[in-house]
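Taking my numbering as reference, the numbering of the sequence shown is continuous, increasing by one, and the terminal residue is 2068.
Virtual Cβ for every residue (Gly too), placed ideally from N, Cα, C.
Only one structure is covered here, and it is reproduced in the block below.
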Amino acid sequence: MENRTGQFISERRKAIGLTQKELAERLGVTNKAVSKWETGGGMPDVSMLKKLSEILEVSVDELLAGEYAEERKGISLHKPEPEMRAPGMMSGNMEHCESPCPGKHPGQKLVRRILAGLLFLPLVLTVCMHAAYLYVSRQSTFEYIIDWLPYLFFGISILMAACGLCLLLRNKKQRILCVGIVAVVLVLLLSAGICTAVRPEARKSILSISPDGHMTVLKYERSTGRVTTYQNQILWFARMSDAFPYTAEADMKLQWLADDACAVTYQSPDDGQVHQYVMTYGDRGSGITTYYVYNVVQGGWSAEGKNTAGWELTTGPEGITVVSPSDGEQVYEVDDCVQFGTLAIALCENGLPQWTLVLLDDCVVGDVTDVVESGTIALCKVTMEKSAPIYFTRTAMPDGADMESAETPSKEENGEALRDRMKQTLREDPALSRYESDAYGGIRVVTDEEDIFWIARCGLEERYKLLAVNGVDVDCQILHMELLAGDSYDCAVRVKEKITYGSDSGGGETSTSEMETTFRIMKGEGAYLLAWVGFDTDPAVGLDAPAMAMERDTAGNEDYHFFVPGEEAY
């Protein structure tokens, strides 16, 4: 047979663009074995003739004969261009093959491409989702509910995309290179995620889900003890809503007192006392009018269930009276009640919460009586120890059940009240010479400056000085300022700032967050009165919108940067 088979193998290998090593790898032999076949030093084993013929795109008979069959004599030995090939046709004479050409599976290629596309899709969606998040986060305070989630999403989607790429790559070297690059990227993402989770200034996410799907999202800053609350959850994003009034120890107790009310009990290093914050997510009224819980529970209530002997709950004009077997009778006046959302109040003694009272989801507030006419309320002791709520049902309606209910004022009403208080203050003391600034009340800025944005900057610095506690340094860079309404004599200004909290202990531990602050600003005689405006207040009541947008980007501007040392807190 001379060496016609070896020469034929060499010609076909070169025609389809394979090296001896690549052909050997596909056959599972050494490249020396392929070299022997081509030089006449040996013949392929009978067991691999079929596979070899499929790779070289010839029949076994042609391989053994060392030449094409008679009907294929005119076919070029060079690999045909893919675009000139047609399914079931040979190039050159374009005649039909008696059977599909060996090694060509168009259906399999299409399946691989579809699978690869599906595996690439999660990466495309992750990139689009994160880009949308970055855009939205510049306008609002939405964040991932867990800080290391983006690293997880990108890691999983990159791994899936790499699998899709390997389906498309036919060369082993290219596959190995792809796997190596992806491995490096995944290690970097894993390292970044771990650093985000364990670094000293990292925030610990605390999550709890109620039986009906409401999620409590808290972020605890280990270095400062500061706790931020999040609501308006969308998938794995949530909007920053509030912060605990006290710093907290890391160990917190979360207890769902209703399907839409979660009580967070914590001990504060500020005073060593136990405090509580209640996250609420629902409403018991019409959804249009908000009631004070203190008002809607007026009347008599009877304890239900086992081991409730000796428990009584009565609410009247004099206050809420709680009778328990362990503590006896305790009366909490309206000033001792702190409301959370629309569902809960904390009953406090000397400013410290003793009991939490929550309206359960079966409570019905009457349209005429303005009190809970039917349903259940829960009363739970505020303690870091394990505790169970006591449930009460109504036994007596209050006298004059159609009494006027103290509805929660609307944003417009709160805005009108704020405006009237500020105007009254300036009428009584135009120069504010006797006025004492308060972080949650009014702030005095003495200046002849007329730049309203600069005045807002000075007021923000003064407010952070008033809020500074526990030796925590505050580094603030104002990012953006916007005039919402009004003019230089009476206006509303929104400020977006980036705050970095650090310790004066020298440990280098910091945490950073972006906040928004809104001020109502009125001009006096040589001084300005600024009032911080909360979420429940309309800052622009009685003001006209500006004729044209007035904004100022101040990111990177040192004039709009200030530092409040913790040791200067007052």
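From this set, ILE1997, MET1979 and GLU1536, which residue's C-alpha is nearest CYS1989's C-alpha? Counting from one through the sequence shown, the residue named residue 1989 turns up at place 491. Of ILE1997, MET1979 and GLU1536, the residue nearest in Cα terms is MET1979.
How about VAL1762 and GLN1774: do their beta carbons lie closer than 8 Å? Stepping through the sequence shown from its first residue, residue 1762 is reached at position 264. Stepping through the sequence shown from its first residue, residue 1774 is reached at position 276. Yes; because the gap between Cβ atoms is below 8 Å, this pair is in contact.
Alpha helix (DSSP H) containing GLY1939: first to last residue? Taking the first residue of the sequence shown as 1, we reach residue 1939 at position 441. Looking at the DSSP string, GLY1939 is not in any alpha helix (DSSP H), and its letter there is neither H nor E.
Given SER1689 as reference, the closest of ILE1674, PHE1652 and HIS1712 once Cα atoms are compared: The residue labelled residue 1689 in the question sits at position 191 within the sequence shown. Ranking ILE1674, PHE1652 and HIS1712 by Cα distance to SER1689 puts PHE1652 first.
If you pair each beta-carbon of the segment 2038-2045 with each one of the segment 1947-1965, do three or more pairs fall below 8 Å? no
GLN1518 - containing alpha helix (DSSP H), residue span: Residue 1518 sits at position 20 when you count from the first residue of the sequence shown. Taken as a continuous stretch (DSSP letters only), the alpha helix (DSSP H) holding GLN1518 covers 1518-1525.
Assess contact between the segment 1739-1759 and the segment 1817-1829, defined as three or more Cβ pairs (one per stretch) separated by less than 8 Å. Is contact present? no
Let's test the definition: count the other Cβ atoms within 10 Å of the Cβ of VAL1685 and tell me whether it reaches 16, buried, or not, exposed. Residue mapping note: residue 1685 aligns to position 187 of the sequence shown, counting from 1. VAL1685 should be labelled exposed.
If you drop the 5 nearest sequence neighbours on each side, which residues of the same chain put their C-beta closer than 8 Å to that of GLU1596? Mapped onto the sequence shown, residue 1596 falls at position 98. Residue confidence is low: GLU1596 scores 39 on pLDDT, short of 50, so the model does not pin down where it sits. Its coordinate-derived value is still stated next. Correct list: empty, nothing qualifies.
If you compare alpha carbons, which of LEU1877, LYS1921, ASP1859 and ILE1732 is closest to ARG1782? Translated into the one-based positions of the sequence shown, residue 1782 becomes position 284. It is ASP1859.
DSSP three-state assignment for GLN1505, whether helix, strand or coil: Here residue 1505 refers to the residue found at position 7 of the sequence shown. The answer is helix: DSSP assigns GLN1505 an H, G or I state.
Helix, strand or coil: which one does DSSP assign to LYS1804? To locate residue 1804, count along the sequence shown from 1; it is residue 306. Here LYS1804 sits in coil by DSSP.
For SER1721, the first and last residue of its enclosing alpha helix (DSSP H): Translated into positions along the sequence shown, residue 1721 becomes position 223. No alpha helix (DSSP H) holds SER1721; DSSP gives it neither H nor E.
C-alpha distance - LEU1616 paired with ARG1610, whole-angstrom precision: Counted from its first residue, the sequence shown places residue 1616 at position 118. Counted from its first residue, the sequence shown places residue 1610 at position 112. The alpha-carbon atoms of LEU1616 and ARG1610 are separated by roughly 10 Å.
What does the alpha-carbon distance come out to for the pair GLN1637 and ALA1983? Locating residue 1637 in the sequence shown gives position 139, where the first residue counts as 1. Locating residue 1983 in the sequence shown gives position 485, where the first residue counts as 1. Taking the straight line joining both Cα atoms gives about 19 Å.
Determine the direct distance from the alpha carbon of MET1920 to that of LEU1850, and round the result to whole angstroms. Counting from 1 along the sequence shown, the entry for residue 1850 is found at position 352. Counting from 1 along the sequence shown, the entry for residue 1920 is found at position 422. Cα-Cα distance, rounded: 31 Å.
Three-state secondary structure assigned by DSSP to SER1822: Mapped onto the sequence shown, residue 1822 falls at position 324. The answer is strand: DSSP assigns SER1822 an E or B state.
Excluding the 5 residues flanking ALA1915 on each side, which residues of the same chain have their C-beta closer than 8 Å to its C-beta? Here the question's residue 1915 lines up with position 417 in the sequence shown. Cβ within range, chain order: PRO1907.
Through-space distance from VAL1870 to THR1787, alpha-carbon basis: Taking the first residue of the sequence shown as 1, we reach residue 1787 at position 289. Taking the first residue of the sequence shown as 1, we reach residue 1870 at position 372. Residue placement at THR1787 cannot be trusted, given a pLDDT of 44 that sits under 50; what the coordinates show is reported in the next sentence. Distance between the alpha carbons of THR1787 and VAL1870: 14 Å.
Go through its chain and collect everything with a Cβ distance to MET1882's Cβ below 7 Å, but skip five positions before and after it. Sequence index remark: in the sequence shown, residue 1882 carries index 384 (1-based). Closer than 7 Å at Cβ, skipping near neighbours: LYS1751, THR1763, GLN1765 and VAL1772.
Would you be able to state if there are at least three C-beta pairs under 8 Å between the segment 1660-1677 and the segment 1742-1751? no
Got a sec, what are the start and stop residues for the beta strand (DSSP E) GLU2014 sits in? By 1-based counting over the sequence shown, the position of residue 2014 is 516. Counting along the chain, the beta strand (DSSP E) containing GLU2014 begins and ends at 2008-2021.
Go through its chain and collect everything with a Cβ distance to SER1872's Cβ below 6 Å, but skip five positions before and after it. Taking the first residue of the sequence shown as 1, we reach residue 1872 at position 374. The residues are VAL1862.
Straight-line gap, LEU1657 to ARG1673 (C-alpha atoms, nearest Å): Along the sequence shown, one-based indexing puts residue 1657 at 159. Along the sequence shown, one-based indexing puts residue 1673 at 175. The alpha-carbon atoms of LEU1657 and ARG1673 are separated by roughly 13 Å.
For ASP1769, does the three-state DSSP call read helix, strand or coil? Against the sequence shown, residue 1769 aligns to sequence position 271. ASP1769: coil per DSSP, three-state reduction.
Compute the distance between the beta-carbons of GLY2022 and LEU1958, then report whether it is under 8 Å. Locating residue 2022 in the sequence shown gives position 524, counting from the first residue. Locating residue 1958 in the sequence shown gives position 460, counting from the first residue. It is not a contact, given that the beta carbons lie outside the stated cut-off.
Check whether the Cβ atoms of VAL1856 and LEU1841 lie closer than 8 Å to each other. Position 358 of the sequence shown holds residue 1856. Position 343 of the sequence shown holds residue 1841. Cβ distance < 8 Å, so VAL1856 and LEU1841 count as in contact.
Check the C-beta distance from ARG1724 over to TYR1999 and give it rounded, since I have them as a contact under 8 Å. Your numbering for residue 1724 matches position 226 in the sequence shown. Your numbering for residue 1999 matches position 501 in the sequence shown. Right, the Cβ-Cβ distance comes to about 7 Å (below 8 Å), so this counts as a contact.
Assess, as a yes-or-no matter, whether the segment 1528-1539 is touched by the segment 1502-1520 under the definition of 3 or more beta carbon pairs within less than 8 Å. yes
Take GLY2054 and list the residues in its own chain whose beta-carbon comes closer than 7 Å to its own, dropping the five residues that flank it on each side. Working through the sequence shown from its first residue, we reach residue 2054 at position 556. So no residue of the chain qualifies.
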